[in-house]
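Just so it is clear: in the sequence shown, position 204 is 216 by the working numbering, and no numbers are missing. Even glycine gets a Cβ: it sits at the ideal position worked out from N, Cα and C.
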Amino acid sequence: MRILLTGASGYVGRYVAARLWSSHEVLGTFLESDGLLPGCRQQRLDLRDPEAVRAAVSEYKPDLVIHAGALANPDACERDPDLARAVNVEGTRAVARAAAERGAWLFYISTDLVFSGDFPPYREDATPSPLSVYARTKAEAEGLCRDLCPRTAVLRLSLGYGWKKPPGAFVDKLYQDLRAGKRVKLFQDQFRSALFLEDAAEMIARLAEKPCADVFHSAGPERISRFRFGILLCEEFGLDAGLVEPVHMADVPGFAPRPADCSLDGSKLWAFLGFNPRSVAEGLRAMREAGNGHRAAS
Numbered sequence: 013m014r015i016l017l018t019g020a021s022g023y024v025g026r027y028v029a030a031r032l033w034s035s036h037e038v039l040g041t042f043l044e045s046d047g048l049l050p051g052c053r054q055q056r057l058d059l060r061d062p063e064a065v066r067a068a069v070s071e072y073k074p075d076l077v078i079h080a081g082a083l084a085n086p087d088a089c090e091r092d093p094d095l096a097r098a099v100n101v102e103g104t105r106a107v108a109r110a111a112a113e114r115g116a117w118l119f120y121i122s123t124d125l126v127f128s129g130d131f132p133p134y135r136e137d138a139t140p141s142p143l144s145v146y147a148r149t150k151a152e153a154e155g156l157c158r159d160l161c162p163r164t165a166v167l168r169l170s171l172g173y174g175w176k177k178p179p180g181a182f183v184d185k186l187y188q189d190l191r192a193g194k195r196v197k198l199f200q201d202q203f204r205s206a207l208f209l210e211d212a213a214e215m216i217a218r219l220a221e222k223p224c225a226d227v228f229h230s231a232g233p234e235r236i237s238r239f240r241f242g243i244l245l246c247e248e249f250g251l252d253a254g255l256v257e258p259v260h261m262a263d264v265p266g267f268a269p270r271p272a273d274c275s276l277d278g279s280k281l282w283a284f285l286g287f288n289p290r291s292v293a294e295g296l297r298a299m300r301e302a303g304n305g306h307r308a309a310s
């Protein structure tokens, strides 16, 4: 299968590319990159240029487009809503139109943050109620994809974790700070369905083998707070759990509003694919066995 993957140099994109390239022909696009994975063809692509997007799809002729490219930092989106809209909404519009013209399947990677956190755990038929600029752009883009490209599957991903290369994700910083003996403050009242990114990539790869036009929640099997995640990380890596301090969201105001509990019910996708993602303890064990905080998906 020929697959075009946008955002291949991103946190999620790297894991997806690593899982797909050994069994499919993959073109990974990026705006800025420090080097992609071996085996993945690479092409720079600015999602804000609709003609460039159309040309990339037209020339590569993919069977499937996985659209993971986005301005994904909620605070950055809050600071620059025009840029967030240009990338996350108008860029997605260009991708969806190009995929539809090609007659390709489109997997749109969305987020659990499209929900306000008032009625968890969320199933696929729940109505999005986004709180932040980032979440609003993702919710709008979901509708665009389904309207413009009939062969669309929307995948709302819960909070992902895994090593990032170069280090810089939540789990990397948490690990490095704790290893250095620094105290860390983690929310005890913010809950997500944390998902090991190797499992997220596996579910995307399996869905590529049996695509359908639907909405799915790609989530981990448990509702967990950031504080509890930190404790489990300490237990798995032999770090000092006494350095992890529980705090409330109200005590550490952020720039972009975050929901308190946007945990997802992922049972629909698990049943459809015949795959059960690992618990946080199991995912952290796999991370430890793979290497330390400087090892990424590869």
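Proximity below 7 Å, CB of residue i to CB of residue j
{"i": "L76", "j": "W117", "result": "yes"}
{"i": "A106", "j": "V166", "result": "no"}
{"i": "F239", "j": "Q200", "result": "yes"}
{"i": "A112", "j": "N100", "result": "no"}
{"i": "D209", "j": "Y27", "result": "The question names Asp, but residue 209 is Leu in the sequence shown. Yes, Cβ-Cβ distance for L209 and Y27 is below 7 Å."}
{"i": "A231", "j": "S170", "result": "yes"}
{"i": "R91", "j": "L160", "result": "no"}
{"i": "R163", "j": "A225", "result": "yes"}
{"i": "Y23", "j": "K176", "result": "yes"}
{"i": "A98", "j": "G19", "result": "no"}
{"i": "R60", "j": "G103", "result": "yes"}
{"i": "P289", "j": "L207", "result": "yes"}
{"i": "V259", "j": "K197", "result": "yes"}
{"i": "L281", "j": "F203", "result": "no"}
Supposed close pair residue i, residue j - CB separation, criterion 8 Å
{"i": "R168", "j": "T123", "result": "6 Å"}
{"i": "E234", "j": "S279", "result": "Contact flag wrong, Cβ pair sits at about 12 Å."}
{"i": "P269", "j": "L143", "result": "4 Å"}
{"i": "V256", "j": "G242", "result": "4 Å"}
{"i": "R218", "j": "L276", "result": "That pair is no contact at about 18 Å."}
{"i": "I216", "j": "F119", "result": "7 Å"}
Contacting residues, own chain, Cβ-Cβ under 8 Å from residue i (five flanking each side not counted)
{"i": "R297", "result": "E248"}
{"i": "L125", "result": "P86, P142, L143, S144, Y146, A147, K150, R270, P271 and C274"}
{"i": "S291", "result": "G232, P233 and E234"}
Own chain, CB closer than 7 Å to residue i, minus 5 neighbours either side, in chain order
{"i": "V38", "result": "I15, L17, A29, L32, C52 and R53"}
{"i": "Q55", "result": "L39, T41 and A68"}
{"i": "E301", "result": "none"}
{"i": "R191", "result": "L251"}
{"i": "D58", "result": "L43 and A64"}
{"i": "F127", "result": "Y134, A138, P140, S141, P271 and C274"}
{"i": "A212", "result": "V24, Y27, L169, G172 and S230"}
Residues that residue i bridges to, as DSSP identifies them
{"i": "A165", "result": "F119"}
{"i": "Y187", "result": "Y187 is not bridged to any residue."}
{"i": "H79", "result": "T18 and Y120"}
{"i": "I243", "result": "In the DSSP output, where bridge partners are listed per residue, I243 has none listed."}
Cβ neighbours of residue i in the same chain (closer than 6 Å, five flanking residues each side left out)
{"i": "S45", "result": "S21"}
{"i": "A293", "result": "L244"}
{"i": "E154", "result": "S122 and V166"}
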